[in-house]
Amino acid sequence: MAIKSLNKRQSALAKSEKQLQILSNGIFQNGELPTFKAKISETNQFPLQAKKLEILQINLGYMCNQVCAHCHVDAGPDRKEIMTRDTMQQCLEVIKTTGAHTLDLTGGAPEMNPDFRWFVEEAAKAGIKDFIVRSNLTIIRANKKYHDLPDFFKKHQVHVVSSMPHWTRGKTDKQRGDGVFDQSIKALQELNAVGYGIPNSDLKLDLVYNPSGAFLPGDQAAMEKDFKKALKEDFDIDFHQLFAITNLPIARFLDYLIASENYEDYMYALVEAYNPAAVKNVMCTNTLSISWDGYLYDCDFNQMLELPINSKVKHISEYNEALLEGRNIAISQHCYGCTAGAGSSCQGVVA
Numbered sequence: 001m002a003i004k005s006l007n008k009r010q011s012a013l014a015k016s017e018k019q020l021q022i023l024s025n026g027i028f029q030n031g032e033l034p035t036f037k038a039k040i041s042e043t044n045q046f047p048l049q050a051k052k053l054e055i056l057q058i059n060l061g062y063m064c065n066q067v068c069a070h071c072h073v074d075a076g077p078d079r080k081e082i083m084t085r086d087t088m089q090q091c092l093e094v095i096k097t098t099g100a101h102t103l104d105l106t107g108g109a110p111e112m113n114p115d116f117r118w119f120v121e122e123a124a125k126a127g128i129k130d131f132i133v134r135s136n137l138t139i140i141r142a143n144k145k146y147h148d149l150p151d152f153f154k155k156h157q158v159h160v161v162s163s164m165p166h167w168t169r170g171k172t173d174k175q176r177g178d179g180v181f182d183q184s185i186k187a188l189q190e191l192n193a194v195g196y197g198i199p200n201s202d203l204k205l206d207l208v209y210n211p212s213g214a215f216l217p218g219d220q221a222a223m224e225k226d227f228k229k230a231l232k233e234d235f236d237i238d239f240h241q242l243f244a245i246t247n248l249p250i251a252r253f254l255d256y257l258i259a260s261e262n263y264e265d266y267m268y269a270l271v272e273a274y275n276p277a278a279v280k281n282v283m284c285t286n287t288l289s290i291s292w293d294g295y296l297y298d299c300d301f302n303q304m305l306e307l308p309i310n311s312k313v314k315h316i317s318e319y320n321e322a323l324l325e326g327r328n329i330a331i332s333q334h335c336y337g338c339t340a341g342a343g344s345s346c347q348g349v350v351a
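All the letters of the sequence shown, read from the start, carry residue numbers 1 to 351 under the numbering used here.
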């Protein structure tokens with residue numbers, strides 16, 4: 001599947017301004033559908049406000065060995081944005097003092113950052129309760145220099161959260177590229193071999209499911225049972241939890257929706273599935289997203305849309321947790337993706 005990033009294709013949608021323009025106009029501008037602000041105002045939940053910080057999510061760069069059809073980061077081999085060691089050092093100073101209990105490293109493929117291992121080693125010393133690395137799995141098999149990642153993760157008690165669209169080759173490769181399924185299976189078996197994902201093991205291995213088309217994910221608990229049964233029977237693979245995440249209408253998934261003429265139908269589906277109970281626990285209320293260049297955002301999705309944080313504190317170098325707490329969260333229509341059905345976050349359902 002020869003997909004290039006929007007950035008490489010010089011697509012208009014590579015620009016966040018164009019994405020936000022689409023999300024603000026058309027069916028939302030003419031009143032066919034209520035804006036997210038109007039919707040949450042109906043239940044007196046506007047403005048959305050940040051609560052106590054629990055999760056510090058750091059994007060180490062947009063470089064990736066895959067170019068997945070649904071990627072909201074528009075990541076790929078051609079993306080050169082990468083976090084420098086100087087910015088990592090600023091992040092480490094915050095990690096040492098933050099009240100957050102979870103550190104969540106993401107990308108792109110975070111492992112491709114040349115200072116990834118140094119950063120993990122230094123961050124592990126801070127004693128964060130849950131230290132997550134979001135891996136696309138295939139990076140473990142991509143090059144000899146990555147083959148020992150399972151042992152490296154084990155050494156530092158990293159919680160591995162891995163992308164796995166389906167337990168079948170066809171659906172996985174359709175979304176993530178030819179050969180991805182087989183490489184992902186090998187990587188999961190290697191993680192199992194060092195103790196990851198085994199029942200009662202402290203080495204946590206979770207999988208992430210994203211729908212492969214213009215539809216919402218099914219019941220997370222039911223899908224977890226199906227995934228566990230199929231992967232165990234077919235490949236003798238164990239894992240702990242499955243997180244079902246709704247695809248948000250931004251970047252390459254927005255491009256797919258428009259190209260397949262599914263954009264309006266998908267937005268209708270999101271709005272119709274809106275669940276006010278999910279609003280209380282959306283990840284932007286307890287998470288802070290740090291971009292590869294050190295700027296702060298309410299969440300990973302806002303980072304990709306370059307929606308600035310509503311705070312005097314804009315950059316990790318001027319970090320002040322007290323000033324960040326209670327801020328009003330920047331929103332747009334993509335936020336419907338996190339409040340549809342049982343809700344969606346980087347940790348799965350929220351309601």
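Yeah, the Cβ is synthetic: ideal placement off N, Cα and C, and Gly gets one too.
My output table needs one value for Leu323: the three-state DSSP class, helix, strand or coil. Position 323 of the sequence shown, counting from 1, holds the residue named residue 323. Correct three-state label for Leu323: helix.
By alpha-carbon positions, which one of Ser163, Asn113 and Leu270 ends up nearest to Lys145? Position 145 of the sequence shown, counting from 1, holds the residue named residue 145. For Lys145, the nearest C-alpha among the options comes from Asn113.
Counting Cβ pairs, one atom from each stretch, are 3 or more of them under 8 Å apart for the segment 102 to 109 and the segment 121 to 132? Contact holds between the segment 102 to 109 and the segment 121 to 132, because three or more Cβ pairs, one in each stretch, are under 8 Å apart.
Less than 7 Å between C-beta atoms, sequence neighbours within five positions excluded: which residues of the same chain meet that for Leu326? Within the sequence shown, residue 326 is the residue found at index 326, counting from 1. The residue you asked about is not Leu; residue 326 is Gly in the sequence shown. Within the same chain, Gly326 has close Cβ partners Gln49 and Ala50.
Specify, as a first and last residue, the run of the alpha helix (DSSP H) that Tyr268 falls within. Along the sequence shown, read from residue 1 onward, the residue named residue 268 stands at position 268. In the DSSP assignment, Tyr268 falls within the alpha helix (DSSP H) that extends over Tyr263 to Glu272.
Would you check if the segment 317 to 324 and the segment 208 to 222 touch, i.e. whether three or more CB-CB distances between them fall below 8 Å? Too few Cβ pairs lie closer than 8 Å, so no.
Own chain, CB closer than 8 Å to Met63, minus 5 neighbours either side, in chain order: Here residue 63 refers to the residue found at position 63 when the sequence shown is read from its first residue. Cβ neighbours of Met63 beyond the five flanking positions: Ala75, Gly76, Pro77, Arg79, Lys80, Glu81, Ile82, Gly107, Gly108, Ala109, Met112 and Asn113.
Leu20 versus Phe301: straight-line alpha-carbon distance, rounded: As a first step, residue 20 is located in the sequence shown; it is residue number 20 there, counting from the start. As a first step, residue 301 is located in the sequence shown; it is residue number 301 there, counting from the start. Straight-line Cα distance between these residues: approximately 12 Å.
Contact set for His147: own chain, Cβ-Cβ below 6 Å, skip 5 residues either direction: What you label residue 147 is simply residue 147 of the sequence shown in a count that begins at 1. Short of 6 Å from the beta carbon of His147, and not among the five residues preceding or following it, lies no beta carbon of its own chain.
What is the rounded straight-line gap between the Cα of Gly195 and the Cα of Lys155? For this step, residue 195 is matched to residue 195 along the sequence shown. For this step, residue 155 is matched to residue 155 along the sequence shown. Distance between the alpha carbons of Gly195 and Lys155: 11 Å.
At least 3 beta-carbon pairs within less than 8 Å: the segment 284 to 295 vs the segment 266 to 276: The segment 284 to 295 vs the segment 266 to 276: no contact.
Is it buried or exposed for Asn143, if we count other Cβ within 10 angstroms and need 16 for buried? Counting from one through the sequence shown, the residue named residue 143 turns up at place 143. Counting Cβ neighbours within 10 Å, Asn143 comes out exposed, since fewer than 16 surround it.
Excluding sequence positions up to five away, which residues of its chain have a Cβ less than 6 Å from the Cβ of Thr87? By one-based count along the sequence shown, residue 87 stands at place 87. The residues are Gly294.
Please give the ranges of any beta strand (DSSP E) in the segment 41 to 95, keeping only runs that are unbroken, at least 3 residues long and fully inside the region. Inside the segment 41 to 95, DSSP marks whole beta strand (DSSP E) runs of 3 or more residues at positions 55 to 59, from first to last along the chain.
Going by other Cβ atoms of all chains shown within 10 Å of its Cβ, with 16 needed for buried, is Asp202 buried or exposed? By 1-based counting over the sequence shown, the position of residue 202 is 202. Exposed.
Using beta-carbon positions only, say whether Phe235 and Ile198 come within less than 9 Å of one another. On the sequence shown, residue 235 is found 235 positions in, with the first residue counted as 1. On the sequence shown, residue 198 is found 198 positions in, with the first residue counted as 1. No, the Cβ-Cβ distance between Phe235 and Ile198 is not below 9 Å.
Could you check which residue in Gln333, Pro308 and Gly337 has the C-alpha nearest to that of Leu324? Taking the sequence shown and counting its residues from 1, one reaches residue 324 at position 324. Relative to Leu324, the option among Gln333, Pro308 and Gly337 whose CA is nearest is Pro308.
Which whole-angstrom value is the C-beta distance of Leu296 and Val282, which I expect to be below 8 Å? Sequence index remark: in the sequence shown, residue 296 carries index 296 (1-based). Sequence index remark: in the sequence shown, residue 282 carries index 282 (1-based). Incorrect: roughly 17 Å between the Cβ atoms, too far for contact.
Inspect the beta-carbon positions of Leu13 and Leu23 and report whether they are closer than 9 Å. Position 13 of the sequence shown, counted from the first residue, corresponds to residue 13. Position 23 of the sequence shown, counted from the first residue, corresponds to residue 23. No, the pair does not count as a contact, with Cβ atoms beyond the cut-off.
With DSSP run on the structure shown, which of helix, strand or coil describes Ser311? Locating residue 311 in the sequence shown gives position 311, counting from the first residue. Ser311 falls in the coil class under three-state DSSP.
Is His334 helix, strand or coil when you go by DSSP? Your numbering for residue 334 matches position 334 in the sequence shown. Helix at His334.
Could you tell me which uninterrupted alpha helix (DSSP H) segments, each at least 4 residues in length, are contained entirely in the segment 184 to 259, listed from first to last along the chain? Those alpha helix (DSSP H) runs which fall completely within the segment 184 to 259 and span 4+ residues are 220 to 235 and 251 to 259.
Can you round the beta-carbon distance between Thr35 and Phe46 to whole angstroms, since I take them to be within the 8 Å contact cut? Here residue 35 is taken as the residue at index 35 of the sequence shown, counted from 1. Here residue 46 is taken as the residue at index 46 of the sequence shown, counted from 1. Thr35 to Phe46, Cβ: 10 Å. No contact.
Please tell me whether Leu13 has its Cβ less than 9 Å away from any Cβ of chain D. In summary, chain D is missing from the structure at hand, where a single protein chain is found.
Span of the alpha helix (DSSP H), counted from its first residue to its last, around Phe116: As a working note, residue 116 is residue 116 in the sequence shown. Phe116 to Ala124 is the extent of the alpha helix (DSSP H) around Phe116.
Please classify Gln66: is it buried, with 16 or more other beta-carbons within 10 angstroms of its beta-carbon, or exposed? On the sequence shown, position 66 is the one that residue 66 refers to. With a threshold of 16 other beta carbon atoms within 10 Å, Gln66 meets it and is buried.
If you drop the 5 nearest sequence neighbours on each side, which residues of the same chain put their C-beta closer than 7 Å to that of Gln90? By 1-based counting over the sequence shown, the position of residue 90 is 90. Excluding sequence positions up to five before and after Gln90, its CB lies within less than 7 Å of the CB of Gly294, Ile316 and Ser317, all in the same chain and listed in chain order.
What does a CB cutoff of less than 8 Å around Leu216 pick up in its chain, not counting 5 residues either side in sequence? Translated into positions along the sequence shown, residue 216 becomes position 216. Answer for Leu216: Thr246, Ala269, Leu270, Ala273, Ala340 and Gly341, listed in chain order.
DSSP has Gly348 in a bridge; who is on the other side? Here residue 348 is taken as the residue at index 348 of the sequence shown, counted from 1. Gly348 has Ser345 as its beta-bridge partners, per DSSP.
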